[in-house]
Structure formats: C-alpha cells, structure tokens
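Have a look at the structure below, then the notes.
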Amino acid sequence: MWRLTSIARANIHTCNRFLPVSNKSIGTLSVFRFYSSSLEERYKDKLLQEAQKQGFNSIEQLKDHLKEDLESRKHKFNSIDPLKELEDYQQRTQMANNNSKNMMTKSKGPLDPNAPKVPFKTLDSFLDVTKIEDLSKQEVEFLWRARWAEKDNALCAVIPVAIYDRMMANAKNNPMFVLPLPRQSLSEDGKTAGEQGMELHYIQWQFVGPQTTHCMMTSLAEYKLHQEFARPHTTFQFHSDLVKDKGVVCMNGQVEPDTNVNVQDAQLLLLNVQRFYGAMGEETPAAKQRVQLLRDFSKGSPQFSVEKLISLSQSMES
Numbered sequence: 110m111w112r113l114t115s116i117a118r119a120n121i122h123t124c125n126r127f128l129p130v131s132n133k134s135i136g137t138l139s140v141f142r143f144y145s146s147s148l149e150e151r152y153k154d155k156l157l158q159e160a161q162k163q164g165f166n167s168i169e170q171l172k173d174h175l176k177e178d179l180e181s182r183k184h185k186f187n188s189i190d191p192l193k194e195l196e197d198y199q200q201r202t203q204m205a206n207n208n209s210k211n212m213m214t215k216s217k218g219p220l221d222p223n224a225p226k227v228p229f230k231t232l233d234s235f236l237d238v239t240k241i242e243d244l245s246k247q248e249v250e251f252l253w254r255a256r257w258a259e260k261d262n263a264l265c266a267v268i269p270v271a272i273y274d275r276m277m278a279n280a281k282n283n284p285m286f287v288l289p290l291p292r293q294s295l296s297e298d299g300k301t302a303g304e305q306g307m308e309l310h311y312i313q314w315q316f317v318g319p320q321t322t323h324c325m326m327t328s329l330a331e332y333k334l335h336q337e338f339a340r341p342h343t344t345f346q347f348h349s350d351l352v353k354d355k356g357v358v359c360m361n362g363q364v365e366p367d368t369n370v371n372v373q374d375a376q377l378l379l380l381n382v383q384r385f386y387g388a389m390g391e392e393t394p395a396a397k398q399r400v401q402l403l404r405d406f407s408k409g410s411p412q413f414s415v416e417k418l419i420s421l422s423q424s425m426e427s
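Residue numbers (the working numbering): 110 to 427.
Below, the structure written as structure tokens:
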C-alpha cells in the first residue's frame with residue numbers, strides 16, 4: 110500500500126456530483142419449445158422460411174440462435190441488483206440495533222441541481238508542473254506532501270505507477286462499488302460506546318480528464334435517497350501528469366466536515382478501495398476473492414455476498 114499523509118481540520122472545496130446509475134432490469138423470460146423430429150419435418154418449410162426471414166441459412170442455425178438467446182435471458186433473469194441487496198442488509202441491521210441512528214453518516218442534504226458546475230482541478234492547479242520537471246521523484250513527493258500540510262481534513266499520497274495502473278484497470282471495468290465502514294453506536298447515556306455495526310458506503314469512479322480521475326464516496330443511504338445529487342462526504346483526486354517522467358501519481362483527498370466521517374474513516378475506506386480494486390495484485394487467495402467480489406457486484410452475480418464483503422474488508426490477510 111502507498112504511504113498516506115493526513116491532516117485533520119476543516120476547509121472544503123466543491124465536490125463533483127455522482128453520475129446517474131440505473132438499476133439492472135430483469136427482462137421477461139420468453140418461453141419456446143423444441144420440436145420433435147416428426148413435427149420439425151412436418152413444418153420444415155415454414156421453419157426454413159422463418160430462419161431465412163431472421164437471416165439464417167438453415168433451421169439448425171435458427172435453433173442454435175434460440176438456444177443462445179435462452180441462455181442469455183436465463184443469465185439476466187438470475188442476476189441481482191447489488192444495491193437492492195445491500196439496502197435490504199442495511200435495513201435489517203438497523204432494525205436489529207435500536208441505536209443505529211447514532212452510527213449513521215449525517216446527511217448535509219443533496220447537491221443543488223441548478224448550481225453551476227465547477228471545473229475539475231488538475232495537478233497544475235496545485236503545483237506548477239513546468240517548475241518541477243527537473244526535480245527528482247523524492248523532491249516532488251516532498252513538495253506534494255508540503256502542499257497539503259496546512260490543509261484541513263485533507264489526505265495526500267504519492268503512488269507508484271504500477272500500483273495505480275493495476276487499480277485503474279479494475280476501476281474502469283467496475284466504476285461502482287460498496288464498502289462497509291465499522292460504526293460504534295452510543296449507549297443509552299449517550300457517552301459510552303455501545304454495539305458495533307457496519308454502515309455501507311457507495312463508491313464511484315469518474316474519469317473526468319485525460320490525466321485526472323476522481324473517486325467519490327457517500328453513504329449508501331444518502332445515495333439511495335438523492336442518487337446523482339447525493340453529496341460526497343469524501344472525494345479523492347488522482348493526477349497522472351508525472352507518470353512518464355517520474356513514474357508516480359499524485360493523490361489528494363478531502364473529507365467534508367460535520368458528517369460523522371473523519372479522516373481515519375476515509376483512510377479505512379481508501380485502504381479497502383486499494384484492496385478490492387487489486388492495487389497490490391491478485392496473487393494471494395484473499396486478494397483474488399476481493400477482486401472477484403468486485404466483479405460479481407458489477408455483473409449483478411448471485412455470487413455477490415454482503416457477509417463476504419464485510420469479512421474480506423475486515424480480514425488482515427493481504
């Protein structure tokens with residue numbers, strides 16, 4: 110994992126909004142029957158006519174096409190909506206815990222849909238790229254960390270390009286995911302720690318520019334409520350301008366104040382982003398399971414499991 114620097118105070122820039130995502134629709138399964146050889150012979154001319162009408166040269170080609178179509182529809186029929194599964198899980202855990210409201214991320218309301226869009230910031234917004242061309246990788250890293258040393262609720266890192274490329278390969282194919290965040294409820298006196306639970310957080314990648322990528326986070330409850338206008342509690346920006354000359358990617362992140370999410374929470378979520386997106390490779394059994402679970406989520410596979418997600422997120426195995 111890359112070394113992360115964090116500073117905890119409170120000054121915020123405007124966050125981008127989430128992209129709209131439609132839930133997977135399950136098509137109606139069409140039913141057809143295979144004909145016996147005698148029936149096929151009886152209706153051979155009509156079947157051939159139908160095959161040719163659909164662009165096939167023979168009845169066999171039509172039958173093969175129908176088989177493939179049925180298998181495809183079966184796959185769609187058996188797929189799940191991962192967000193619905195996760196929402197159901199979170200509702201069950203909330204009902205089981207009377208103090209669950211104390212554990213939830215505080216909502217600051219949706220983004221204003223009429224607010225003007227703010228241009229995304231590039232690396233040159235933070236460092237004069239032309240002035241650091243002749244600096245060593247170590248000097249660039251020092252300047253980057255110093256740039257954020259006085260910023261509030263900020264995180265920063267300098268990432269080796271090999272790690273970044275592995276993570277981006279999975280992010281481009283799986284731009285949405287959900288990660289659990291441990292939450293400690295308050296006891297009845299409101300002072301001491303009570304039961305521990307899990308709050309689910311929605312992760313979305315946005316490739317906003319040729320050398321700029323954003324990773325935005327909000328609670329799943331917030332996303333389900335406001336969709337594309339959900340307000341991120343944390344936004345990470347990745348800048349790949351120096352990949353060719355320095356072999357590194359600069360990352361900076363910002364945590365919104367007054368949301369029940371602190372810098373340590375954001376660090377834990379980012380750690381699991383690295384692990385589930387294969388930043389450190391997929392050689393170990395645990396690493397393979399994490400990346401496979403990410404892909405299962407994207408495909409809406411029945412193999413996706415909330416319990417497995419939580420287990421792998423808490424496991425110390427790399």
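Ideal Cβ positions, reconstructed from N, Cα and C, are used throughout, including at glycine.
From a predicted model like this one, the values you see are computed outputs, not experimental measurements.
| Query | Result |
| --- | --- |
| Consult DSSP for phenylalanine 251 and reduce its assignment to one of helix, strand or coil. | helix |
| In the stretch 346–386, which residue ranges form an unbroken alpha helix (DSSP H) of at least 4 residues, counting only runs that do not cross its ends? | 352–355, 372–385 |
| Return the first residue and the last residue of the alpha helix (DSSP H) that alanine 263 is part of. | Note, alanine 263: premise wrong, no alpha helix (DSSP H); beta strand (DSSP E) at 263–269. |
| Using only CA atoms, which one of Ala258, Leu421, Leu128, Lys355 lies nearest to leucine 378? | Leu421 |
| Within the same chain, show all residues whose beta-carbon is closer than 7 angstroms to that of asparagine 279, passing over the 5 residues directly before and after it, in chain order. | Tyr386, Gly387, Val400, Leu403 |
| What is the DSSP secondary structure of glutamine 336, counted as helix, strand or coil? | helix |
| For proline 411 and tyrosine 273, what's the separation of their Cα atoms in angstroms? | 29 angstroms |
| Just checking, does the stretch 259–270 make contact with the stretch 358–366 on the three C-beta pairs under 8 angstroms criterion? | yes |
| Closest to arginine 350 by CA distance: which of Leu232, Gly164, Met110 is it? | A quick correction: the sequence has aspartate, not arginine, at residue 350. Comparing Cα positions, the closest option is Leu232. |
| Three-state secondary structure (DSSP) at glutamine 305? | strand |
| Specify the secondary structure class of valine 415 as computed by DSSP and reduced to three states. | helix |
| Taking all protein chains shown into account, decide if valine 358 is buried (16 or more other Cβ within 10 angstroms of its Cβ) or exposed. | buried |
| To the nearest angstrom, how far is the alpha carbon of serine 407 from that of lysine 153? | 43 angstroms |
| Assuming aspartate 354 and glutamate 250 form a contact by the criterion Cβ under 8 angstroms, report the distance between their Cβ atoms to the nearest whole angstrom. | With a Cβ gap of about 13 angstroms, aspartate 354 and glutamate 250 do not count as contacting. |
| What are the partner residues of proline 289, as DSSP defines its beta bridges? | Leu309 |
| Check this for me: beta carbons of threonine 368 and histidine 348, under 7 angstroms apart or not? | no |
| Going by the CB atoms, is the gap between alanine 396 and serine 424 shorter than 7 angstroms? | no |
| Rounding to the nearest angstrom, what Cα-Cα distance links threonine 344 and glutamine 170 in this structure? | 52 angstroms |
| Take valine 382 as the anchor and find which of Ala258, Leu244, Ile312 has the nearest alpha-carbon. | Ile312 |
| Below 7 angstroms between beta carbons: does that hold for serine 328 and threonine 239? | no |
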